[in-house]
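Okay, so here's the structure we're looking at.
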Amino acid sequence: MPVAWWRLSTPRLALFSVLFLSGCFPLALQEKEKEQVKGVLAEPADAAEIREQIAIIEKLQAVIPDRGAVLYFLSTAKQHLGETREALALLKECLALREGFDPSGDPAFLGLKGSKEFDELAEKVSRDFPPVAAARFAFVTEEKDLIPEGLAYDAKQNFYYLSSLNRKKIVKIDSEGRVSDFVAGDRYGLLPVLGIRLDPADGTVWADSFETAGRTELLHFDSAGKLLARYSPKDRAKHGFNDLVLRKNGEVITTDSLNNQVLRFDPRSHEFTPLAAYRTLFYPNGITLAGDDQTVYVADSVGIVKMDVPSGASRDVDPGPHTTLAGADGLYWQKGSLIAVQNGIGSPRVAAFKLSKDGYRVTQTSVLENHTQFTVLPTTGAIHGNDFYFIANSQIDNLNGDKVMDVTKLAAVRIAVVRLP
Numbered sequence: 000m001p002v003a004w005w006r007l008s009t010p011r012l013a014l015f016s017v018l019f020l021s022g023c024f025p026l027a028l029q030e031k032e033k034e035q036v037k038g039v040l041a042e043p044a045d046a047a048e049i050r051e052q053i054a055i056i057e058k059l060q061a062v063i064p065d066r067g068a069v070l071y072f073l074s075t076a077k078q079h080l081g082e083t084r085e086a087l088a089l090l091k092e093c094l095a096l097r098e099g100f101d102p103s104g105d106p107a108f109l110g111l112k113g114s115k116e117f118d119e120l121a122e123k124v125s126r127d128f129p130p131v132a133a134a135r136f137a138f139v140t141e142e143k144d145l146i147p148e149g150l151a152y153d154a155k156q157n158f159y160y161l162s163s164l165n166r167k168k169i170v171k172i173d174s175e176g177r178v179s180d181f182v183a184g185d186r187y188g189l190l191p192v193l194g195i196r197l198d199p200a201d202g203t204v205w206a207d208s209f210e211t212a213g214r215t216e217l218l219h220f221d222s223a224g225k226l227l228a229r230y231s232p233k234d235r236a237k238h239g240f241n242d243l244v245l246r247k248n249g250e251v252i253t254t255d256s257l258n259n260q261v262l263r264f265d266p267r268s269h270e271f272t273p274l275a276a277y278r279t280l281f282y283p284n285g286i287t288l289a290g291d292d293q294t295v296y297v298a299d300s301v302g303i304v305k306m307d308v309p310s311g312a313s314r315d316v317d318p319g320p321h322t323t324l325a326g327a328d329g330l331y332w333q334k335g336s337l338i339a340v341q342n343g344i345g346s347p348r349v350a351a352f353k354l355s356k357d358g359y360r361v362t363q364t365s366v367l368e369n370h371t372q373f374t375v376l377p378t379t380g381a382i383h384g385n386d387f388y389f390i391a392n393s394q395i396d397n398l399n400g401d402k403v404m405d406v407t408k409l410a411a412v413r414i415a416v417v418r419l420p
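What follows is the structure, given as structure tokens:
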């Protein structure tokens with residue numbers, strides 16, 4: 000699920016963020032308008048929780064290496080609270096760092112568009128970070144209301160799996176671009192399907208699914224699309240499994256966006272256990288496994304945390320100056336680099352980050368696609384050789400819960416491809 004355009008993420012706020020990204024922004028504006036009394040905008044109902052979240056992020060400033068990500072987080076929070084002057088001051092400070100944040104594409108700042116101060120900031124960002132058009136069209140699916148989220152590649156059979164939030168199913172796309180159901184939407188009563196991973200050892204497929212009410216499942220299918228098993232946490236907390244990786248020992252590691260956790264699933268005991276991070280995670284989303292099968296990188300709203308699975312040690316990856324690792328929805332390991340679909344930094348982009356030998360620092364950033372027809376609202380992707388295939392227009396902003404808000408705005412789903420550096 001895309002990193003929320005509104006990125007506060009206690010369990011309740013994470014739920015709000017998912018609803019927000021799923022198209023409830025206009026409804027939220029309507030509710031705020033109803034709350035206006037004598038021209039004064041009432042505080043949002045979740046103000047106390049938002050202020051608590053602000054306090055948490057402010058305490059973590061000393062350990063989060065990306066100053067710009069913290070500032071952007073705080074700016075959107077202040078803007079949501081109606082504290083526009085403070086929000087603009089924080090936004091100015093963030094954008095002065097020239098890391099790649101672009102508020103022109105962020106719904107949190109829609110109310111500021113048209114104001115001189117905001118428009119001048121947005122114009123400067125567009126000059127500092129001009130369009131990068133390296134991707135090309137790869138595939139299309141004419142089932143316009145799929146609202147896709149996850150993408151995976153099967154090297155043995157040479158086709159792609161594409162998950163659907165709206166149709167609650169998984170389709171496959173062959174090398175000729177032909178699309179067919181891998182798991183039909185009415186077959187198993189699935190929840191909205193998100194991240195997908197293929198197990199190369201046996202050809203089976205694992206997938207995450209969750210609904211915004213907090214019900215979630217880890218799904219396991221055989222190579223023909225038959226459901227082998229479905230697993231859920233046994234506690235009463237709200238969970239939202241988002242993206243996942245598979246280790247060689249069969250263990251599944253998944254991000255839990257609604258409960259701000261990373262969970263390990265043991266395929267033998269069928270138990271979920273937390274993989275603790277050294278700091279609070281804010282809507283953990285994209286996740287990838289390094290080539291050593293021991294290290295996972297977890298993306299959240301303010302950066303990427305490197306976690307050693309056996310020891311539990313963790314630390315933020317330092318992006319260095321003039322770049323950011325924040326807001327990555329899709330995250331992938333490729334020969335010592337991280338490939339990220341960043342849709343939580345305002346206007347989305349696709350970027351590659353070459354890492355130091357110890358994996359804790361970015362040594363080079365390559366923006367692969369930015370401000371083009373292929374970055375309308377990308378979510379995740381899949382690596383095929385030296386190419387990166389990614390969902391170009393997920394249309395998640397047209398989904399409100401389990402309903403498409405405006406069918407006239409639906410378009411064919413496009414998969415784009417860009418060459419990796």
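Be aware that the sequence shown starts at 0, since it is given in numbering that gives the first Met the number 0, and climbs by one per residue.
Backbone N, C-alpha and C define an ideal beta-carbon position, used for all residues, glycine too.
Expressed to the nearest angstrom, what Euclidean distance is found between the alpha-carbon atoms of residue i and residue j?
i    : j    : result
A442 : I53  : The chain is shown from 0 up to 420; residue 442 falls before or after that span and cannot be answered.
S174 : N157 : 6 angstroms
V261 : A275 : 7 angstroms
K408 : Y359 : 42 angstroms
K91  : A68  : 13 angstroms
P106 : P377 : 15 angstroms
L226 : H321 : 46 angstroms
Q394 : V366 : 22 angstroms
S74  : S355 : 31 angstroms
S114 : E122 : 12 angstroms
T203 : I338 : 24 angstroms
V192 : R97  : 35 angstroms
G319 : T364 : 10 angstroms
L190 : L164 : 8 angstroms
K353 : E51  : 35 angstroms
G329 : G149 : 8 angstroms
S162 : E142 : 12 angstroms
V417 : A133 : 6 angstroms
A206 : E119 : 43 angstroms
S268 : L145 : 34 angstroms
Alpha carbons only, please: which of the options is nearest the one belonging to residue i?
i    : options                   : result
F387 : L145, L324, D405 and Y331 : Y331
A200 : A183, H383 and N248       : N248
N94  : D328, R66 and V361        : First, the amino acid is wrong: residue 94 is Leu here, not Asn. Per the Cα distances, R66.
T287 : P129, D118, A151 and F209 : A151
I56  : A44, Y71 and P43          : Y71
R348 : F128, D185 and P420       : F128
I390 : H383, V340 and R418       : V340
D198 : V297, V417, T371 and D153 : D153
A47  : L80, K58, Q60 and L59     : L80
Can you list, in chain order, the residues of its chain with a C-beta nearer than 6 angstroms to that of residue i? Leave out the 5 residues immediately preceding and following it.
i    : result
D401 : none
S313 : A276, Y277, V304 and M306
D242 : G194, T254, G285 and I286
L111 : F117
A298 : N284, G285, A327 and L330
G176 : F138
R229 : E216 and L218
Output needed for residue i: all residues of its chain with C-beta closer than 7 angstroms, excluding positions within five of it in sequence on either side, in chain order.
i    : result
G22  : Because G22 sits at a pLDDT of 33, beneath the cut-off of 50, its placement in the model cannot be relied upon, and the following sentence gives the value as read from the coordinates. Cβ within range, chain order: D396, N397, L398, N399 and M404.
S8   : Residue placement at S8 is flagged as unreliable, the pLDDT there being 35, under the threshold of 50; the coordinate-derived value follows with that caveat. Answer for S8: S16, N259, F281, Y282 and S300, listed in chain order.
F181 : Y160, I169, V170, K171 and G224
P420 : A351 and S365
G384 : none
F108 : Q78, P102 and F117
Whole-angstrom Cβ separation of residue i and residue j, contact assumed at under 8 angstroms?
i    : j    : result
V131 : E368 : 6 angstroms
A325 : V301 : 5 angstroms
Y159 : K171 : 7 angstroms
D317 : P64  : 4 angstroms
Taking 8 angstroms as the limit between beta carbons, can you name the residues of its chain near residue i, skipping five residues before and five after?
i    : result
Q293 : D307, V308 and P309
R246 : I252, L288, D292 and V308
Which runs of the alpha helix (DSSP H) fall wholly inside the segment 52-133 and span at least 4 residues, in chain order?
Listed in chain order, they are 66-79, 83-95 and 115-127.
Every unbroken beta strand (DSSP E) inside the segment 201-230 [3 residues or more]:
Entirely contained in the segment 201-230, the beta strand (DSSP E) runs reaching 3 residues are, in chain order, 204-209, 215-220 and 226-230.
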